[in-house]
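Working notes, structure below.
Number of protein chains: 2
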Amino acid sequence: MSNIEIIGLTGLPEFDTSHNLSEMIVEAAFSSAGGIKSGDVIVVTQKVVSKVEGMVRDLLDIDPTPKAQKLATKLGKDPRLVQLILEQSTEIVRTDFERGVLITESIHGFICANAGIDSSNIEGDTSVALLPKDSDASARKILNDIRRLAQVQSLGVIISDTFGRPWRDGHVNFAIGCAGMSPYIDYKDTIDAVGQVLKVTTICIADELAAASELATGKSLNIPVV
Amino acid sequence: MSNIEIIGLTGLPEFDTSHNLSEMIVEAAFSSAGGIKSGDVIVVTQKVVSKVEGMVRDLLDIDPTPKAQKLATKLGKDPRLVQLILEQSTEIVRTDFERGVLITESIHGFICANAGIDSSNIEGDTSVALLPKDSDASARKILNDIRRLAQVQSLGVIISDTFGRPWRDGHVNFAIGCAGMSPYIDYKDTIDAVGQVLKVTTICIADELAAASELATGKSLNIPVV
Numbered sequence: 013m014s015n016i017e018i019i020g021l022t023g024l025p026e027f028d029t030s031h032n033l034s035e036m037i038v039e040a041a042f043s044s045a046g047g048i049k050s051g052d053v054i055v056v057t058q059k060v061v062s063k064v065e066g067m068v069r070d071l072l073d074i075d076p077t078p079k080a081q082k083l084a085t086k087l088g089k090d091p092r093l094v095q096l097i098l099e100q101s102t103e104i105v106r107t108d109f110e111r112g113v114l115i116t117e118s119i120h121g122f123i124c125a126n127a128g129i130d131s132s133n134i135e136g137d138t139s140v141a142l143l144p145k146d147s148d149a150s151a152r153k154i155l156n157d158i159r160r161l162a163q164v165q166s167l168g169v170i171i172s173d174t175f176g177r178p179w180r181d182g183h184v185n186f187a188i189g190c191a192g193m194s195p196y197i198d199y200k201d202t203i204d205a206v207g208q209v210l211k212v213t214t215i216c217i218a219d220e221l222a223a224a225s226e227l228a229t230g231k232s233l234n235i236p237v238v
Numbered sequence: 013m014s015n016i017e018i019i020g021l022t023g024l025p026e027f028d029t030s031h032n033l034s035e036m037i038v039e040a041a042f043s044s045a046g047g048i049k050s051g052d053v054i055v056v057t058q059k060v061v062s063k064v065e066g067m068v069r070d071l072l073d074i075d076p077t078p079k080a081q082k083l084a085t086k087l088g089k090d091p092r093l094v095q096l097i098l099e100q101s102t103e104i105v106r107t108d109f110e111r112g113v114l115i116t117e118s119i120h121g122f123i124c125a126n127a128g129i130d131s132s133n134i135e136g137d138t139s140v141a142l143l144p145k146d147s148d149a150s151a152r153k154i155l156n157d158i159r160r161l162a163q164v165q166s167l168g169v170i171i172s173d174t175f176g177r178p179w180r181d182g183h184v185n186f187a188i189g190c191a192g193m194s195p196y197i198d199y200k201d202t203i204d205a206v207g208q209v210l211k212v213t214t215i216c217i218a219d220e221l222a223a224a225s226e227l228a229t230g231k232s233l234n235i236p237v238v
């Protein structure tokens with residue numbers, strides 16, 4: 013594999029629970045990318061998966077506990093958002109009160125800011141999207157639907173989300189769910205270009221594909237699938 | 013930007029200090045990728061930059077201090093390698109004796125394993141490659157050379173290296189040097205797809221391009237430029 017094409021699927025709507033995401037991906041792939049071919053990997057942003065799965069919450073419906081209120085005051089965050097973050101987390105990993113940053117281990121096992129909850133690209137001033145309950149399961153469902161609809165068996169599906177990284181400036185897209193492919197390529201014990209055995213490198217190809225996909229999606233281009 | 017093509021440049025040699033890297037990139041781009049176009053980003057792996065810049069060391073030439081010897085014993089690492097790592101670091105960030113992992117802040121400012129020193133894809137059982145002294149300067153040199161040779165002004169050059177990440181399994185490629193382009197896209201204050209102002213997201217497009225490039229280079233395919 014030395015040439016790769018990243019195609020952003022255009023013409024997709026603002027998704028909500030009334031949409032069939034897989035059907036619309038297949039239609040958009042046929043109309044804007046010449047269809048889906050064997051070996052393709054489809055990267056879907058977390059936001060649209062959360063939207064079609066109904067993982068959007070209105071902060072007006074949230075009643076923050078005293079703990080959330082106290083933490084929110086220190087962080088300069090909305091107490092209702094902090095309440096949701098705490099509900100979606102198993103552990104607080106780091107609180108940076110000066111910068112208003114709350115890093116937690118989410119109930120899904122991700123170490124990330126705000127348990128992955130955010131408000132970008134969601135209609136309504138008080139609406140936020142939680143992560144899908146089980147992004148691997150979401151990816152499997154999309155995989156199976158697209159296999160059936162596009163009549164292509166050999167496919168990968170990745171759910172991507174935008175994460176910050178310790179010790180690095182800027183955010184990049186990571187994989188939070190994956191189906192139809194291994195998220196890793198293990199180069200251990202393979203032979204490198206000068207004939208030596210590689211010792212340790214396990215490449216997270218799913219994260220690389222997620223990062224690559226962001227190049228075609230952007231944050232505000234309304235291209236949620238690649 | 014919604015479609016992106018990643019082309020691995022084939023036919024490049026095992027580089028050493030006798031090679032003109034930029035010339036060979038331009039030749040390979042013309043013979044295997046139809047040339048270099050305005051707006052292209054060229055991603056070069058750290059390993060070949062280190063090789064052409066003479067940043068390869070033979071462990072046989074290294075005389076470890078008692079401090080390096082002591083640390084090496086605890087880590088189960090070669091004391092000469094530990095000596096080099098300490099010389100290339102300003103601070104030890106983490107030592108995991110059980111796993112033999114040494115995370116440092118390198119003299120270049122990267123928080124990574126072994127100050128970025130490694131032995132894959134290098135001829136000789138005792139040879140290791142250090143990071144380029146100044147990867148931004150290396151990228152600028154390659155940028156200027158390629159601009160002149162290929163007669164293309166609007167270009168980006170990224171030097172990539174493979175890093176592990178805290179709290180994530182598997183390695184991915186990061187940018188350690190960049191020229192001709194901003195490493196970041198700042199979406200702050202831009203309007204998202206539902207008309208709201210995005211608040212915080214600065215995307216590290218250089219890291220995403222580096223990660224994307226790895227999909228076409230692999231670890232053992234001898235494709236060091238994308």
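As they're listed, the protein sequences go chains A and B.
Using our numbering, the first residue of the first sequence is number 13, and each one after it goes up by one.
Using our numbering, the first residue of the second sequence is number 13, and each one after it goes up by one.
The C-beta atom is built at its ideal place from N, Cα and C for all residues, glycine as well.
Quantities reported herein were computed from a predicted structural model and do not represent experimental measurements.
{"Asked": "Return the chain-ordered list of same chain residues with a C-beta closer than 7 angstroms to the C-beta of Lys63 of chain A, the five sequence neighbours on each side being excluded.", "Found": "Phe27, Asp28 and Ala141"}
{"Asked": "Quick one: using the 10 Å Cβ neighbour count with 16 as the cut-off for buried, is Gln165 of chain A buried or exposed?", "Found": "exposed"}
{"Asked": "Taking DSSP as the reference, what is the three-state secondary structure of Gly182 of chain A?", "Found": "strand"}
{"Asked": "Could you tell me which chain B residues have their CB closer than 8 angstroms to the CB of Val312 of chain A, listed as they occur along the chain?", "Found": "Residue 312 of chain A falls outside the range modelled here, since chain A spans only 13 to 238, and no answer is possible."}
{"Asked": "Does the beta-carbon distance from Pro76 of chain B to Val94 of chain B come in below 8 angstroms?", "Found": "yes"}
{"Asked": "Check whether the stretch 184-199 of chain B touches the stretch 220-234 of chain A, counting contact only when three or more Cβ pairs, one atom from each stretch, lie closer than 8 angstroms.", "Found": "yes"}
{"Asked": "Please report the distance separating the alpha-carbon of His31 of chain A from that of Asn15 of chain B.", "Found": "25 angstroms"}
{"Asked": "Whole angstroms are fine: how far does the CA of Leu98 of chain A sit from the CA of Val105 of chain B?", "Found": "29 angstroms"}
{"Asked": "Please state whether the Cβ-Cβ distance between Thr174 of chain B and Thr202 of chain A is less than 8 angstroms.", "Found": "no"}
{"Asked": "Inspect the CB distances between the stretch 83-93 of chain B and the stretch 113-129 of chain B and report whether three or more fall short of 8 angstroms.", "Found": "yes"}
{"Asked": "What alpha helix (DSSP H) runs, 4 residues minimum, are completely inside the stretch 60-127 of chain A?", "Found": "78-87 and 91-99"}
{"Asked": "Pull the bridge partners of Gly168 of chain B from the DSSP assignment, please.", "Found": "B:Val53"}
{"Asked": "Could you tell me the alpha carbon to alpha carbon distance between Leu161 of chain B and Asp52 of chain B, rounded to whole angstroms?", "Found": "15 angstroms"}
{"Asked": "Tell me which residues share the same chain as Ile19 of chain B and place their Cβ nearer than 6 angstroms to its Cβ, disregarding the 5 neighbours each side in the sequence.", "Found": "Ala45"}
{"Asked": "Can you pull out the residues from the stretch 16-34 of chain A whose beta carbon lies closer than 8 angstroms to at least one beta carbon of chain B?", "Found": "Ile16, Glu17, Ile18, Ile19, Gly20, Thr22 and Glu26"}
{"Asked": "Rounded to whole angstroms, what's the CA-CA distance from Met193 of chain B to Asp73 of chain A? Just pull it up for me.", "Found": "44 angstroms"}
{"Asked": "For Asn133 of chain B, report the span of its beta strand (DSSP E) as first-last.", "Found": "Segment: none, Asn133 of chain B is in no beta strand (DSSP E) and carries neither H nor E."}
{"Asked": "Where do the N-terminal and C-terminal ends of the beta strand (DSSP E) with Val140 of chain A fall, by residue?", "Found": "Ser139 to Ala141"}
{"Asked": "Answer with yes or no whether the minimum CB distance from Arg111 of chain A to chain B is below 8 angstroms.", "Found": "no"}
{"Asked": "Name the chain B residues that come within less than 8 angstroms of Leu227 of chain A, Cβ to Cβ?", "Found": "Met13, Ile16, Ile217, Glu220, Leu221 and Ala224"}
{"Asked": "Is Val237 of chain A close to chain B, meaning its C-beta is less than 8 angstroms from at least one C-beta of that chain?", "Found": "no"}
{"Asked": "Could you list the residues in the stretch 155-177 of chain B with a C-beta less than 7 angstroms from some C-beta on chain C, going in chain order?", "Found": "Among the chains of the structure shown, chain C does not appear; the protein chains present are A and B."}
{"Asked": "Between the stretch 130-152 of chain B and chain A, which residues of the former have a C-beta closer than 7 angstroms to a C-beta of the latter?", "Found": "Ser132, Asn133, Ile134 and Glu135"}
{"Asked": "Determine which residues share a DSSP beta bridge with Tyr10 of chain B and list them.", "Found": "Residue 10 of chain B falls outside the range modelled here, since chain B spans only 13 to 238, and no answer is possible."}
{"Asked": "Return yes when the Cβ of Tyr196 of chain A is within less than 8 angstroms of the Cβ of Cys216 of chain A, no when it is not.", "Found": "yes"}
{"Asked": "Please report whether the beta-carbon of Ile74 of chain A lies at a distance below 8 angstroms from any beta-carbon of chain B.", "Found": "no"}
{"Asked": "Classify Gln81 of chain B: buried if its beta carbon has 16 or more other beta carbons within 10 angstroms, exposed otherwise.", "Found": "exposed"}
{"Asked": "Between A:Cys124, A:Asn156 and A:Ile154, which has its C-alpha nearest Leu143 of chain A's C-alpha?", "Found": "A:Cys124"}
{"Asked": "Can you tell me whether DSSP reads Asn15 of chain A as helix, strand or coil?", "Found": "strand"}
{"Asked": "Ordered along the chain, which non-local residues of its own chain (more than five positions away) have a Cβ less than 6 angstroms from that of Leu33 of chain B?", "Found": "Val64"}
{"Asked": "For Pro236 of chain A and Ile134 of chain A, what's the separation of their Cα atoms in angstroms?", "Found": "13 angstroms"}
{"Asked": "Suppose you measure from the CA of Ser131 of chain B to the CA of Leu83 of chain B; what does that come to, to the nearest Å?", "Found": "19 angstroms"}
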